[in-house]
Every structure is written in C-alpha cells, then in structure tokens.
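A short write-up of the structure that comes next.
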Ligand code: AMP
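This is the structure we're talking about:
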C-alpha cells in the first residue's frame with residue numbers, strides 16, 4: 040500500500056517523503072481513502088503515536104480551498120503542546136503544495152496576539168476548546184465557513200474537563216460540518232458526544248488492540264513490596280542507553296520515586312502537578328534531547344506531553360483505569376521496532392492484571408528481571 044494508492048496527491052507525497060513518512064500506517068490506510076471521498080462523519084479509535092495527525096491532516100488539507108481566506112477546517116486538541124505539534128505537521132505537509140495557512144490558538148498565551156493573527160487569511164485553526172470558546176465569546180473568530188471539524192484525542196479533552204466547552208462548540212458546528220473524531224479510548228462520555236453530535240451513519244474504524252499486540256510486548260514481574268524498588272533499579276541499570284517512562288498512580292509516589300532513583304545515580308526526573316511550567320518544560324526538553332534517560336510521571340502529568348517511540352514504559356504502579364494502561368503503553372513500540380510495557384507488581388495487583396488482560400485482549404508474559 041502506498042500513499043498514492045490511497046489517493047494522496049504528489050506534492051503531499053513529496054513532503055511526506057522528506058518527513059520519512061513513506062508507507063501508510065494502519066490508521067492512515069483505514070482513514071485516508073474514506074475521508075478524501077466521503078462527506079460524512081468519521082470515528083476512529085486509535086491510540087496516540089499511530090500516525091493519526093496525517094490520517095486526518097492530509098484529507099483535511101485536501102478539502103481546503105486555498106484561494107478562500109476563510110477558516111474551513113477546525114481541529115480541537117486537548118493541550119497547547121499537541122495543538123502546536125498538529126499545526127506544525129500540517130505546515131510541513133504543505134511544503135510543496137499551495138500554501139494553506141494554519142493558526143494554533145490555545146490558553147496560557149496572550150489572546151490579543153491570537154486575535155490579530157486570526158485577522159490574516161487563515162484556512163485551518165487548531166484550538167484547545169477553552170481558548171476557542173473565549174474567542175467565540177469575543178466574536179474574534181468566524182466558524183461559519185468551517186466544513187470539517189476534527190476532535191483529536193477526544194478522550195483526553197474530556198478527561199481534562201473540556202466537556203462543557205466541547206459541547207458548546209459542537210452545538211455551534213453540528214449539522215453544517217463533517218465531524219471526524221479520534222480517540223484512544225471510548226469511555227461513556229465519548230459515546231454520549233458521538234450520540235448527541237455525530238451522524239448515526241458515521242463511519243467507524245478501530246486500530247487499538249492490534250497495535251497493542253503487534254508492536255508492544257506486555258510483561259510483568261512479581262516481587263515482594265519491599266523489593267520492588269530494587270527490582271526497578273536493576274531493570275533500569277540493565278537498560279543501558281534505552282529511554283523510558285515510569286508511571287506512578289499518585290503525585291506523592293512519583294515524587295518519592297524520583298528522589299529514590301536519583302539517589303541511586305540514575306538519570307531520572309519526575310513530572311507532577313507541583314512543578315512550575317518552567318521546571319516542567321526544562322525536564323521535558325532534557326528528556327526529548329535525550330540528556331535525561333528516565334521520566335517518571337503520573338497519568339495526569341503525562342497528559343498531552345508529546346513523547347513516544349520509547350524503548351519501554353514501566354508501570355511502577357498499575358493504573359486504576361484500563362484506558363490509562365493504553366495511554367501509557369502507546370508511548371512505546373512502533374512498527375518494526377517492538378516496544379516493551381513492563382509492570383512491576385506485588386501479589387495484590389494480580390486481580391487488576393487479569394482485568395487489563397481480559398479487557399484489552401492482549402497477551403501478558405511473566406518475566407524475571
Ligand atoms: P501521530 O500519531 O500523528 O502523533 O504521529 C506519530 C509520529 O509518527 C510522528 O512523528 C509522525 O511523523 C510519524 N508518522 C506518522 N505516520 C507515519 C508513517 N506512515 N510512517 C512513519 N512514521 C509516521
């Protein structure tokens with residue numbers, strides 16, 4: 040399968056090629072031909088890191104009329120970081136095609152600058168829901184020409200508390216546009232959004248568990264509670280140069296583990312809600328440029344951070360929700376380069392392990408570290 044056989048035009052293919060995107064990923068194969076041709080709604084259950092930005096981005100760009108200055112495409116994303124990343128990718132995809140102008144708007148930055156940026160011709164807006172509602176209230180954005188609305192990481196938007204904003208925006212756009220929803224998981228509040236704001240005949244694809252099985256090895260190791268830290272340290276010391284993320288359930292646990300690993304001379308830092316944005320950015324920069332090897336995080340702190348392709352993900356504490364297990368594990372593994380999702384368990388965790396295995400239909404192997 041090639042991008043050209045999916046219906047992508049040559050200028051886009053040239054740009055993709057430069058980004059080393061040569062062969063469509065499963066979510067791209069299943070989304071692109073449909074989104075390029077059909078004028079209906081679309082629902083994809085696909086974990087992060089599977090190439091969904093291109094899966095919706097390329098068809099979105101193809102639907103834009105570059106000679107009209109109006110906003111024709113709207114992408115909603117949970118965080119500033121994801122929004123900026125999506126806008127950047129869209130920009131790169133159009134390197135060899137007619138220019139299409141994308142603007143990212145998000146909270147935590149001055150709204151005035153964004154308002155004046157939107158006065159220039161803009162065909163696609165990538166927005167966090169809160170900031171978009173602010174802009175709508177100020178009459179600073181005109182969505183009346185929007186033909187396509189994309190909800191990227193819809194489950195994350197809801198778990199970040201954007202339900203009110205999201206429904207408000209969807210009320211504004213439903214019926215006049217096609218809505219394309221991408222979500223790693225399908226919790227009840229996503230199902231409610233689908234029911235209330237999307238066409239009953241929306242086309243659905245699921246990518247999830249296949250990737251979870253094919254690209255990721257799931258393993259667990261059992262220790263006594265008092266040996267757990269040493270087992271983790273042993274595993275980390277054996278991982279040589281490999282980068283990985285270590286998940287805890289609570290902020291306190293993440294902070295404590297950070298201190299413990301640093302005390303063992305490991306290159307580790309924890310991100311959690313008590314850090315200033317500046318401190319957090321610094322840690323994330325270090326992790327991305329690989330001067331920091333291990334990143335400890337809670338599920339909440341990990342939201343929206345753009346880190347994937349990791350050699351491993353370690354669950355120092357199992358998550359309460361299966362959805363979190365998918366989000367955590369989705370950060371490791373990629374076609375051709377199998378990732379590792381390793382759980383550090385004590386006896387009391389076995390029930391939750393069975394539950395995860397059952398729910399996700401994945402094979403989980405017991406190993407000794
Ligand atoms: P996304 O899931 O859209 O955040 O994409 C994750 C990463 O995979 C990005 O760095 C993309 O550039 C890359 N990517 C997307 N599609 C492909 C593909 N078909 N082949 C190789 N890499 C890809």
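Numbering (our numbering), first residue to last: 40 to 408. Glycine included, C-beta positions come from ideal geometry on N, C-alpha and C.
Can the beta-carbon of residue i be found closer than 8 angstroms to that of residue j?
i, j, result
"residue 337", "residue 289", "yes"
"residue 86", "residue 196", "no"
"residue 12", "residue 90", "Outside the displayed range of the chain (40 to 408) lies residue 12, so it cannot be described from this structure."
"residue 75", "residue 139", "no"
"residue 346", "residue 284", "yes"
"residue 185", "residue 122", "no"
"residue 310", "residue 301", "no"
"residue 392", "residue 236", "no"
"residue 333", "residue 305", "yes"
"residue 81", "residue 63", "no"
"residue 233", "residue 220", "yes"
"residue 251", "residue 365", "yes"
"residue 282", "residue 187", "no"
"residue 316", "residue 268", "no"
"residue 141", "residue 129", "yes"
"residue 112", "residue 162", "yes"
"residue 335", "residue 120", "no"
"residue 466", "residue 360", "In the structure as shown, the chain starts at 40 and stops at 408, and residue 466 therefore has no counterpart that could be examined."
"residue 408", "residue 273", "yes"
"residue 71", "residue 94", "yes"
"residue 168", "residue 204", "yes"
"residue 58", "residue 127", "no"
Could you give the first and the last residue of the continuous beta strand (DSSP E) run that contains residue i?
i, result
"residue 405", "403-405"
"residue 258", "255-261"
"residue 163", "163-166"
"residue 335", "333-337"
"residue 400", "No beta strand (DSSP E) contains residue 400, which DSSP labels as neither H nor E."
"residue 380", "378-384"
"residue 113", "112-115"
"residue 83", "81-84"
Residue i lies in the alpha helix (DSSP H); which residues open and close that run?
i, result
"residue 323", "316-327"
"residue 132", "119-132"
"residue 245", "Per DSSP, residue 245 belongs to no alpha helix (DSSP H); it is in the beta strand (DSSP E), 242-245."
"residue 43", "42-45"
"residue 69", "65-76"
"residue 305", "Looking at the DSSP string, residue 305 is not in any alpha helix (DSSP H), and its letter there is neither H nor E."
"residue 53", "49-57"
"residue 232", "227-236"
"residue 274", "267-277"
"residue 344", "Per DSSP, residue 344 belongs to no alpha helix (DSSP H) and is neither H nor E."
"residue 151", "150-157"
List the DSSP bridge partners of residue i.
i, result
"residue 311", "DSSP lists no partner for residue 311."
"residue 216", "213"
"residue 353", "285 and 381"
"residue 222", "84"
"residue 37", "Nothing in the structure corresponds to residue 37, since the chain is present only between 40 and 408."
"residue 144", "166"
"residue 99", "Paired residues: none, contrary to the question."
"residue 190", "115 and 220"
"residue 371", "349"
My understanding is that residue i touches residue j, with C-beta atoms under 8 angstroms, so please give their C-beta distance in whole angstroms.
i, j, result
"residue 384", "residue 357", "7 angstroms"
"residue 242", "residue 181", "Actually they are not in contact, since the Cβ atoms of residue 242 and residue 181 sit about 29 angstroms apart, beyond 8 angstroms."
"residue 137", "residue 226", "With 8 angstroms as the limit, residue 137 and residue 226 do not qualify as a contact, their Cβ atoms being about 39 angstroms apart."
"residue 189", "residue 114", "4 angstroms"
"residue 386", "residue 256", "Not really, about 23 angstroms apart at Cβ, beyond 8 angstroms."
"residue 381", "residue 354", "7 angstroms"
"residue 79", "residue 240", "6 angstroms"
Is it buried or exposed, residue i, if we count other Cβ atoms within 10 angstroms and call 16 or more buried?
i, result
"residue 170", "buried"
"residue 370", "buried"
"residue 222", "buried"
"residue 44", "exposed"
"residue 153", "buried"
"residue 372", "buried"
"residue 308", "buried"
"residue 69", "buried"
"residue 296", "buried"
"residue 178", "exposed"
"residue 144", "buried"
"residue 254", "buried"
"residue 200", "exposed"
"residue 125", "buried"
"residue 198", "buried"
"residue 173", "buried"
"residue 191", "buried"
"residue 313", "exposed"
"residue 367", "buried"
Does the beta carbon of residue i come closer than 8 angstroms to any beta carbon on chain D?
i, result
"residue 142", "Looking at the structure shown, chain D is missing, and only one protein chain is on hand."
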